[in-house]
Amino acid sequence: MSSKTQTASGLDQFSSWLQGSSRALGLVSVLLLLAVWQATAIYVNNPLLLPDIPAVSERLWEMFLVDRSVYPHIWASLYRVAVGFIAAVLIGVPLGLLMGSSSTVEYLLEPYISTLYPVPRIAFYPLLLVILGFGHSSKIAIIFVEALIPIILGAYYGVGGVQQRYLWSARNFGASQLQTFREVILPGSLPYIFSGIRMAMPIAIIVTVVTEMISASQGIGYLIIYSQASFEPETVFAAVIVISAIGVLFDRLLAVIRERLLFWAKDVSMDI
Numbered sequence: 001m002s003s004k005t006q007t008a009s010g011l012d013q014f015s016s017w018l019q020g021s022s023r024a025l026g027l028v029s030v031l032l033l034l035a036v037w038q039a040t041a042i043y044v045n046n047p048l049l050l051p052d053i054p055a056v057s058e059r060l061w062e063m064f065l066v067d068r069s070v071y072p073h074i075w076a077s078l079y080r081v082a083v084g085f086i087a088a089v090l091i092g093v094p095l096g097l098l099m100g101s102s103s104t105v106e107y108l109l110e111p112y113i114s115t116l117y118p119v120p121r122i123a124f125y126p127l128l129l130v131i132l133g134f135g136h137s138s139k140i141a142i143i144f145v146e147a148l149i150p151i152i153l154g155a156y157y158g159v160g161g162v163q164q165r166y167l168w169s170a171r172n173f174g175a176s177q178l179q180t181f182r183e184v185i186l187p188g189s190l191p192y193i194f195s196g197i198r199m200a201m202p203i204a205i206i207v208t209v210v211t212e213m214i215s216a217s218q219g220i221g222y223l224i225i226y227s228q229a230s231f232e233p234e235t236v237f238a239a240v241i242v243i244s245a246i247g248v249l250f251d252r253l254l255a256v257i258r259e260r261l262l263f264w265a266k267d268v269s270m271d272i
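The sequence shown runs 1 to 272 under UniProt numbering.
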């Protein structure tokens with residue numbers, strides 16, 4: 001066996017060990033958190049302040065398998081997240097690509113992006129309630145607005161991240177602007193686009209819960225605030241676990257899609 005083969009084999013083994021260690025550390029951290037939670041609940045000894053793990057687990061069992069009361073709330077939240085988030089992707093990605101490809105579009109949109117980015121867009125929600133009402137529309141609109149900015153910036157930075165030598169090579173081979181965009185700029189931007197989308201997803205979920213706490217009759221956020229007002233802390237904790245699990249599931253799904261579609265690309269981070 002050559003030295004290069006031995007080195008490659010050693011690197012593969014080390015990489016596998018690191019991945020296994022990371023998973024083990026993640027599991028240990030979760031178990032440690034649960035242990036701290038249970039110990040604190042026993043010490044406090046006040047179920048209205050901090051329910052213990054068995055009480056929350058029992059409530060989760062009831063919500064999913066006995067009275068099945070959680071499903072309408074999950075579907076309502078998922079519907080709002082899906083519509084607002086997908087709309088943000090469908091509009092934000094093309095806008096970001098246009099901003100990165102055209103200085104005219106960049107000059108037109110940059111003042112709005114710079115103004116809206118540092119502002120908590122959730123502050124516009126009362127105005128949207130007046131305009132669109134208390135139904136799905138106002139919630140979907142604010143989810144769309146909140147998720148739109150990081151998606152636009154992801155695509156915008158993606159275009160700027162394409163190395164000039166690839167653009168020069170395409171032009172030297174006689175590629176048109178459309179061909180250069182399709183074959184060079186768009187593929188080179190995809191890692192950044194996925195990073196922007198992945199950043200926007202938890203924002204969309206957080207905004208969904210917040211808006212449901214303010215004005216809703218269904219949804220995980222409504223379930224949390226209603227249970228708090230009804231002195232049902234175990235339901236509050238159960239609902240928080242449900243929305244956390246949904247967030248983790250969506251994040252893992254986006255990560256898997258990225259790994260399958262962009263296996264050739266390294267992870268990128270954006271200074272947004």
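All residues carry an ideal CB built from backbone N, CA and C; glycine is no exception.
Please go through the same chain and pick out, in chain order, the residues whose beta-carbon is closer than 8 Å to the beta-carbon of residue i, but skip the five residues on each side of it.
| i | result |
| --- | --- |
| I140 | R80, V83, G84, A87 |
| D251 | R198, M201, P202 |
Please name the residue, chosen from the options, that lies closest to residue i on a Cα-to-Cα basis.
| i | options | result |
| --- | --- | --- |
| P126 | I142, V105, D251 | I142 |
| R198 | V248, V242, E232, A175 | V248 |
| I193 | L262, Y117, A24, S103 | L262 |
| V93 | I149, E234, A245, Q228 | I149 |
| G133 | A216, L167, G26 | A216 |
| A245 | I225, I205, V210, I214 | I205 |
| V210 | I243, E232, S195 | I243 |
On the three-state DSSP scale, how would you describe residue i?
| i | result |
| --- | --- |
| A8 | Because the pLDDT at A8 is just 49, under 50, the model does not fix this residue reliably, and the value given afterwards should be weighed accordingly. Helix. |
| D67 | coil |
| N172 | helix |
| W75 | helix |
| F85 | helix |
| W61 | helix |
| W264 | coil |
| L48 | coil |
Please return the same chain residues whose Cβ sits closer than 7 Å to the Cβ of residue i, not counting the five positions on each side in sequence.
| i | result |
| --- | --- |
| V207 | I122, I142, I143, E146 |
| V159 | L97, G100, S101, I185, S189 |
| V105 | L98, M99 |
| L44 | The residue you asked about is not Leu; residue 44 is Val in the sequence shown. These residues qualify, in order along the chain: L50. |
| F64 | V70 |
| Q228 | V236 |
Is residue i near the ligand MN, judged by its Cβ being under 8 Å from some heavy atom?
| i | result |
| --- | --- |
| A39 | Judged by which ligands are present, the structure shown has none, so any question about the ligand MN falls away. |
Practice problem: Return the chain-ordered ranges of every alpha helix (DSSP H) run that is complete within the region 99 to 167 and spans a minimum of 4 residues. | Solution: For the region 99 to 167, whole alpha helix (DSSP H) runs of length 4 or above, ordered along the chain, are 103 to 116, 125 to 132, 136 to 160.
Quiz item: What alpha helix (DSSP H) runs, 4 residues minimum, are completely inside the region 204 to 245?
Solution: Counting only runs of 4 or more, we get 220 to 229.
Practice problem: Examine the Cβ distances between the region 71 to 80 and the region 214 to 222 and report whether three or more of them are shorter than 8 Å. | Solution: In short, these stretches touch, since the Cβ pair count reaches three.
Quiz item: At a cut of 8 Å, does the region 51 to 69 reach the region 236 to 244 through at least three beta carbon pairs?
Solution: Enough Cβ pairs lie closer than 8 Å, so yes.
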